[in-house]
Amino acid sequence: MAANIRRAITFLRSVTADWGHNPMPPGAIPWVSAEPNAFTNPPAHDGNLGIGYAATDNIYRSARWKLAPDEALEIRGSWPRCTFANIVLFNNHMQTPNYDRRLVSLNRVQTEVADDGSWRMILAHSDPGLPNWLDTRGLEHGTMFWRFLIPTEPLTQLETRVVKFSDLS
């Protein structure tokens with residue numbers, strides 16, 4: 008019980024009193040990438056015990072995006088078998104504004120998937136006219152946060168590449 012209370016306190020401090028004043032050093036949370044536009048691939052539950060918002064039976068991935076106005080980020084992967092999975096975009100204040108008017112999150116049901124079970128998502132400042140577009144709302148940088156609830160199989164590595172928006176097809 009005491010460990011769970013400490014985790015909750017750590018989370019509350021990190022998003023209130025310490026926000027922006029005490030950033031975590033790179034690698035402090037194994038599933039948070041220090042490299043923009045790329046994801047880490049640590050063991051499934053590695054690093055979930057020390058922070059207040061990570062359930063020990065879930066898999067998480069997080070990375071910052073950094074895109075010029077004429078760029079897009081292509082993300083490729085496949086959904087593991089799990090209770091629920093999604094990606095959500097945040098601004099620098101861990102907010103997801105205008106989610107009722109902008110597509111800033113996708114889950115398994117919403118995602119168009121290929122016959123082999125793989126998918127391709129496009130993170131871009133404007134609609135490329137392709138399936139699985141996520142709207143940056145014009146922000147050149149922000150955070151991508153993935154959650155996979157109670158997975159029953161390993162997560163495949165999320166592959167990314169920055170492309171020119173005009174080259175998308």
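Numbering (our numbering), first residue to last: 8 to 176.
Beta carbons are placed, not taken as given, at the ideal position from N, Cα and C, and that holds for glycine.
If I follow the unbroken beta strand (DSSP E) through H148, where does it start and stop? Mapped onto the sequence shown, residue 148 falls at position 141. Counted as a single uninterrupted DSSP element, the beta strand (DSSP E) harbouring H148 occupies residues 148-156.
Which word fits Y106, buried or exposed, when buried means at least 16 other C-beta atoms lie within 10 angstroms of its C-beta? Here residue 106 refers to the residue found at position 99 when the sequence shown is read from its first residue. Classification of Y106: exposed, given that the 10 Å Cβ count is below 16.
Since W38 and H148 are thought to touch, with beta carbons under 8 Å apart, how far apart are those beta carbons, to the nearest angstrom? Counted from its first residue, the sequence shown places residue 38 at position 31. Counted from its first residue, the sequence shown places residue 148 at position 141. Not a contact, Cβ separation roughly 19 Å.
At the level of alpha carbons, what is the spacing between I36 and P87? As a first step, residue 36 is located in the sequence shown; it is residue number 29 there, counting from the start. As a first step, residue 87 is located in the sequence shown; it is residue number 80 there, counting from the start. Near 22 Å, if we compare the C-alpha coordinates of P87 and I36.
Under three-state DSSP, which class holds S173? Mapped onto the sequence shown, residue 173 falls at position 166. Residue state, collapsed to three classes: helix.
Should P161 be labelled buried (16 or more other beta-carbon atoms within 10 Å of its own) or exposed? The residue you call residue 161 lines up with position 154 of the sequence shown. Exposed: under 16 other Cβ atoms inside 10 Å.
Going by other Cβ atoms of all chains shown within 10 Å of its Cβ, with 16 needed for buried, is S40 buried or exposed? For this step, residue 40 is matched to residue 33 along the sequence shown. In summary, S40 is buried, with 16 or more beta-carbon neighbours lying within 10 Å of its beta-carbon over all protein chains present.
Is it buried or exposed, V116, if we count other Cβ atoms within 10 angstroms and call 16 or more buried? Translated into the one-based positions of the sequence shown, residue 116 becomes position 109. By the neighbour-count rule (16 or more Cβ atoms within 10 Å), V116 is not buried but exposed.
Using DSSP bridges, identify the partner residues of S69. Here residue 69 refers to the residue found at position 62 of the sequence shown. S69 is bridged to V39, F152.
Just to confirm, is the Cβ distance from W153 to S69 under 8 Å? On the sequence shown, position 146 is the one that residue 153 refers to. On the sequence shown, position 62 is the one that residue 69 refers to. Yes.
Residues sharing a beta bridge with E119, DSSP: In the sequence shown, the residue the question calls residue 119 occupies position 112. Note: E119 sits in no beta bridge, so no partner.
A79 vs P135 beta-carbon contact at 8 Å: Counting from 1 along the sequence shown, the entry for residue 79 is found at position 72. Counting from 1 along the sequence shown, the entry for residue 135 is found at position 128. The Cβ atoms of A79 and P135 lie closer than 8 Å to each other.
Quick one: what does DSSP say A9 is sitting in, helix, strand or coil? Taking the first residue of the sequence shown as 1, we reach residue 9 at position 2. A9: helix per DSSP, three-state reduction.
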